[in-house]
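Novice:
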Amino acid sequence: MTASHRLELLAPLSGLLVPIEQVPDPVFAQKMVGDGVSIDPTSNVLLSPVAGKITQLHSARHAVTITTVEGIEVLIHIGLDTVMLKGDGFSAKVKEGDTVAAGQPLIEFDGDAVSRKARSLLTQMVITNSDRVARFVVGNGFVRAGQTVALTLELASAQSAATAAASTEGDVQSEPVRVPNPTGLHARPAAVVANLAKTFTSTVKLVRGDENANAKSVVAIMGLEVQYGDEIRVKAAGPDAAAAAKAVAEMIAQGSGEEVGGVISPAAQKHLAKTKRAVPAAKPKSGDPNVLLGVSASPGLAVGQIFQVRQEAIEVAEQGRDAQFERAKLDAALKDAGHQLEVLKSEITDASKAEIFAAHQELLEDPDLLDIAINGISSGKSAGFAWKTAFSTYADKLAALKNEVLAGRANDIRDVGRRVLRIIAGVKEAELAVPDNAILIAEDLTPSDTASLDREKVLGFATVGGGATSHVAILARSLNIPAICGIDEDALQLANGTAVILDGSKGSLRKNPSDAEVAQIREAQVKQAKLRAEELAAAHQAPVTTDGHHIEVVANIGGLDEAKQGVELGGEGVGLLRSEFLYLDRADAPTEEEQTQIYTDIAKALGTERTFVVRTLDVGGDKPLPYLPQPAEENPFLGVRGVRLCLAEPEMFRVQIRSVLRAAPFSKLHIMFPMIATLDELRAAKAIVAEEKAALNISADVKVGIMVEVPSTAVMSELFAKEADFFSIGTNDLTQYTLAMDRGHPKLAKQADALNPGVLRLIAMTVKGAHAQGKWVGVCGGIASDPQAVPLLIGIGVDELSVSVPAIPSIKAMVRRLSKADCQKLAAEVLQLGTAAEVRERLGKAAG
Ligand code: PEP
Ligand code: MG
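One point on numbering: in the numbering used here, the residue at position 58 of the sequence shown is 493, and numbering is uninterrupted.
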């Protein structure tokens, strides 16, 4: 391609030029929108960098495109995430179609107000049809608005430009991509796709055959019912159409933020077969007239009396006043509903469950839902009527889908829809006069109903609608309420006050139980509750064996909430922070500030007397990061994952290490590398920690250790122990790598047992090697929380057990009942056994 002529673009703002690659937003940094430059501005009137025509002015007035006579499209985007400000603080000086001269004011903005509300004021100037440019010459240093040249473009030759123009004009359609998600584009991947699509100014659609859906709308995507293996094209029209189609198609091909393997696993296939079912399976019927069946939604037993819950109808007038009045009413109700959801979210301690309500908040901004409502208002309907039509239309559409997971989301749309409708109609949510010991029966409960159940009175519930994957079921599990979904409709006919036993684990509701049955269940519950109460009361006593050995009992956590819960339940610290929670389920990498904040918060919650083991990022392979595209691997579990990925991405790794190190003054900080297989990896990772520690001038004694998850490391433990301060055995991975059995394989689940003698011998080797060098060894894999395995691990010589948070009191109580000498005898015997079954049998006997 030969350059035919140059085009100089003036700085649109005064300020410091920043390379586009350094913009902390992958959409710009990875040039998904186009190539160009960014400016850290000191002025607040955006000037046109070039003469041309305004071909696009975003309705939020934070972005504008000028097309030059040569056909070059210059997009200027003020700030990051400024679209959220919806125009607040921006005032446009031009309109679409205007012809402008270089240096002419385009948009004025309130720099102070915008920088307070937005993520950054960095302003990007990029060429959305970059294929028209042969070479970009980017300026540097401080530039003056309308005076200094910030970017020089060497344009491609006329002929190639013409070809390029022809290919980018009008609609752009991607190559077909196959959807790799086992359950298709359900709510979460749909949200990831919509969020990415929303970063583009072009319209973006997903097209399957002759159907299509607005890619910026979660409900529209879900309504398309995209299944595993479906062929989708991404169609975009607008100034950044090519980049939009490319980015969205790539995101879909990579799984839209979900873990997807190249080959669909048998478990997923089974699930798929279930979700693809054309007709819902007939509800299970029991042969016993006293038993009604459904599916298990949340385990546990509850004995109580029936209380029927019926949803109240919310009446609204069809005709509205004037459109402006009704629109304002709708906007105000949407805003109020957003606040209510914010409060509800803050009341749920489990962050992943709070996300259900975060998704509801997103529905309040869904463009397709709003479009239907606003159209209704424009045609003379009231805000309430128009909104009800909008959400009911979508909820009914989803409910009719074949895919159970998507159909289940209809309930979420109705929930959030009714929340807004109640505000518009001015009706309060009816208070339920729930009696004591109530078992609720309902056609359906919404996630909001479930989250606000009175746990003092409600012992369990059963709904005719929903399934195990519904949000109601997820909430019930997190609230620890036994529950059944999809119960036989006859349950709706049971009279209030009928005595029942609800078995959430089996999914059965037994009416008229005999007194003996009730008494037996009550007795078991009382026993269980008494034991739990005793363990809780003693939760803060030290876990010291009867012969005086302290076995440290610490927590496996995923974030701050669990750190706090762990301390409350007597945890002596944290033995494993799975730091990947910070990185997954988001469109861009967490910033250094965000990371520093979270590690420091957790360290402070633990305090200087407690151990805090941070495992560095353990992703890659089977857990891809959407913003760190990796080539597909045939064997992801044997690929670039764990520390291998961090060493391949040293910048990302260093950001994490620096953030973790800053938490050193607030707790006994330990840094731990996952998936270490060779001494070289340990040395390289340690060198990075040492360099960053020196650069930050941190003098605290930060211990640096490794996870033992790969057989080579267990076998070589004595050599590793010379260079690592501690070990923590990840038995989940150690088992899969020792036995060559995928840890998630449904058919191998029973055989992939961490109590296999092969694995146990490797644990023993690890302990021996570590102790020979005076280093401690913990176990943070699942068997540390398994009461059967605990005596054996203590007998083998493990110094620390890192367990799931709820298990802390019972494992501590168990340690206090054991003698290490007895455990050692048991271990010596068990290590001579040949099979996992023999080991389990022997341990069962030991437990009596
Ligand atoms: C393990 O492999 O045992 C472990 C604790 O790590 P994860 O389960 O996070 O892979
Ligand atoms: Mg692991």
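We put the beta carbon where it would ideally sit given N, CA and C, even for glycine.
Please confirm if the stretch 1243–1252 is in contact with the stretch 969–984, defined as three or more CB-CB distances below 8 Å between the two stretches.
Specialist: Cβ pair count under 8 Å is three or more, so yes.
Novice: What's the C-alpha gap between A548 and G524?
Specialist: Between A548 and G524, the C-alpha separation is close to 7 Å.
Novice: With hydrogens ignored, establish whether the beta-carbon of G581 is closer than 7 Å to any heavy atom of ligand 2.
Specialist: No - ligand 2 has no heavy atom lying nearer than 7 Å to the Cβ of G581.
Novice: Is any non-hydrogen atom of ligand 3 found closer than 7 Å to the C-beta of D1168, if you look at the structure I gave you?
Specialist: Absence of ligand 3 is noted for the structure shown, with ligand 1 and ligand 2 being the only ligands found.
Novice: Please report how far the alpha carbon of S1220 lies from the alpha carbon of L1261, in whole angstroms.
Specialist: Taking the straight line from one Cα to the other gives about 18 Å.
Novice: Regarding D1257 and ligand 2, is the C-beta to nearest heavy atom distance less than 7 Å?
Specialist: The answer is no for D1257.
Novice: Which of helix, strand or coil does DSSP assign to P1061?
Specialist: The answer is coil: DSSP assigns P1061 none of H, G, I, E or B.
Novice: Can you look up N616 in the DSSP assignment and give me helix, strand or coil?
Specialist: The answer is coil: DSSP assigns N616 none of H, G, I, E or B.
Novice: Are the beta-carbon atoms belonging to L482 and G581 less than 8 Å from one another?
Specialist: Their beta carbons are under 8 Å apart, which means L482 touches G581 by this criterion.
Novice: Can you list, in chain order, the residues of its chain with a C-beta nearer than 6 Å to that of I848? Leave out the 5 residues immediately preceding and following it.
Specialist: Closer than 6 Å at the Cβ level, and outside the excluded window around I848, lie F826, Y829 and A830.
Novice: Within its chain, find whatever has a CB closer than 6 Å to the CB of A877; leave out the 5 residues flanking it on each side and keep chain order.
Specialist: Excluding positions up to five away in sequence, the list reads V744 and T898.
Novice: Could you tell me if the beta carbon of R1013 falls within a distance shorter than 7 Å of some heavy atom in ligand 1?
Specialist: Yes - ligand 1 has a heavy atom lying nearer than 7 Å to the Cβ of R1013.
Novice: Of all the options H493, P540, A1038 and A930, which has the alpha carbon lying nearest to the alpha carbon of S449?
Specialist: Among H493, P540, A1038 and A930, the Cα nearest to that of S449 is on P540.
Novice: Spatial neighbours of Q1208 within its chain, please: CB distance less than 7 Å, with the 5 preceding and 5 following residues excluded, ordered by chain position.
Specialist: Cβ within range, chain order: E1153, A1156 and K1157.
Novice: Tell me the DSSP bridge mates of I562?
Specialist: DSSP, once it has assigned bridges, lists D470 and V509 as partnering I562.
Novice: Look at the alpha carbon of K709 and the alpha carbon of R945, and state the distance between them as a whole number of angstroms.
Specialist: Any answer about K709 is weak, because its pLDDT of 37 lies below 50 and its placement is not dependable; what the coordinates show is given next. Using only the alpha carbons, I get a separation of about 27 Å.
Novice: For the alpha helix (DSSP H) containing P1085, list its first residue and its last residue.
Specialist: Here the alpha helix (DSSP H) through P1085 covers P1085 to L1096.
Novice: Have a look at N991, I1033 and Q1030 and flag the residue whose alpha-carbon is nearest the alpha-carbon of R1013.
Specialist: If we check each option's Cα against that of R1013, N991 comes out closest.
Novice: Run the proximity test for C1215: is its beta-carbon closer than 7 Å to any non-hydrogen atom belonging to ligand 1?
Specialist: Yes, since a heavy atom of ligand 1 falls inside the 7 Å radius drawn around the Cβ of C1215.
Novice: Using the beta-carbon count (16 or more within 10 Å), is G902 buried or exposed?
Specialist: Answer is buried; the Cβ neighbour count reaches 16.
Novice: Ignore the nearest five residues each way along the sequence and tell me which others in H985's own chain have a CB closer than 6 Å to its CB.
Specialist: Around H985: V979.
Novice: Please say whether I489 and V518 have beta carbons closer to each other than 8 Å?
Specialist: No, the Cβ-Cβ distance between V518 and I489 is not below 8 Å.
Novice: Helix, strand or coil for A599? Go by DSSP, reduced to three states.
Specialist: Note that A599 has pLDDT 41, beneath the 50 cutoff, so the model's placement of it is unreliable and no number is given.
Novice: Would the C-beta of P1071 count as close to ligand 2, meaning under 7 Å from any of its heavy atoms?
Specialist: No; taking the cut-off as 7 Å, the Cβ of P1071 has no heavy atom of ligand 2 nearer than that.
Novice: Looking at the strands, I want to know which residues DSSP matches up with S731.
Specialist: Answer is I919, bridged to S731.
Novice: Using DSSP with H/G/I as helix, E/B as strand and the rest coil, what is I1111?
Specialist: In this structure, I1111 counts as coil in the three-state DSSP scheme.
Novice: Here's the rule I'm using: 16 or more other beta-carbon atoms within 10 Å means buried, otherwise exposed. How should P715 be labelled?
Specialist: Confidence is the limiting factor: at P715 the pLDDT is only 41, short of 50, which leaves the residue's position unreliable, though a coordinate-based value still follows. The residue in question, P715, is exposed, as its Cβ has fewer than 16 Cβ neighbours within 10 Å.
Novice: Check I1133 in the structure and name its three-state DSSP category.
Specialist: Note: I1133 maps to coil in three-state DSSP.
Novice: Nearer than 7 Å: is that true of the beta carbon of P1146 relative to any heavy atom of ligand 2?
Specialist: No, since every heavy atom of ligand 2 falls outside the 7 Å radius drawn around the Cβ of P1146.
Novice: Per DSSP, what kind of secondary structure is P459 in: helix, strand or coil?
Specialist: DSSP places P459 in coil when its eight states are reduced to three.
Novice: Return yes when the Cβ of E1264 is within less than 8 Å of the Cβ of R1275, no when it is not.
Specialist: In this structure, E1264 does not lie closer than 8 Å to R1275 by Cβ.
Novice: By how many angstroms is the C-alpha of K1280 removed from the C-alpha of E1273?
Specialist: The alpha-carbon atoms of E1273 and K1280 are separated by roughly 11 Å.
Novice: Considering only heavy atoms of ligand 2, does any lie closer than 7 Å to the CB of G1165?
Specialist: At least one heavy atom of ligand 2 is nearer than 7 Å to the Cβ of G1165, so yes.
Novice: For G1055, which residues does DSSP report across the bridge?
Specialist: Beta-bridge pairing links G1055 to K1058 and R1076.
Novice: Keeping to the same chain, check which residues put their C-beta closer than 8 Å to that of K640; ignore five residues upstream and five downstream.
Specialist: Excluding residues within five positions, the ones whose Cβ falls inside 8 Å are N647, A648, N649, A650, V669, K670 and A671.
Novice: Here's the rule I'm using: 16 or more other beta-carbon atoms within 10 Å means buried, otherwise exposed. How should V961 be labelled?
Specialist: Exposed: under 16 other Cβ atoms inside 10 Å.
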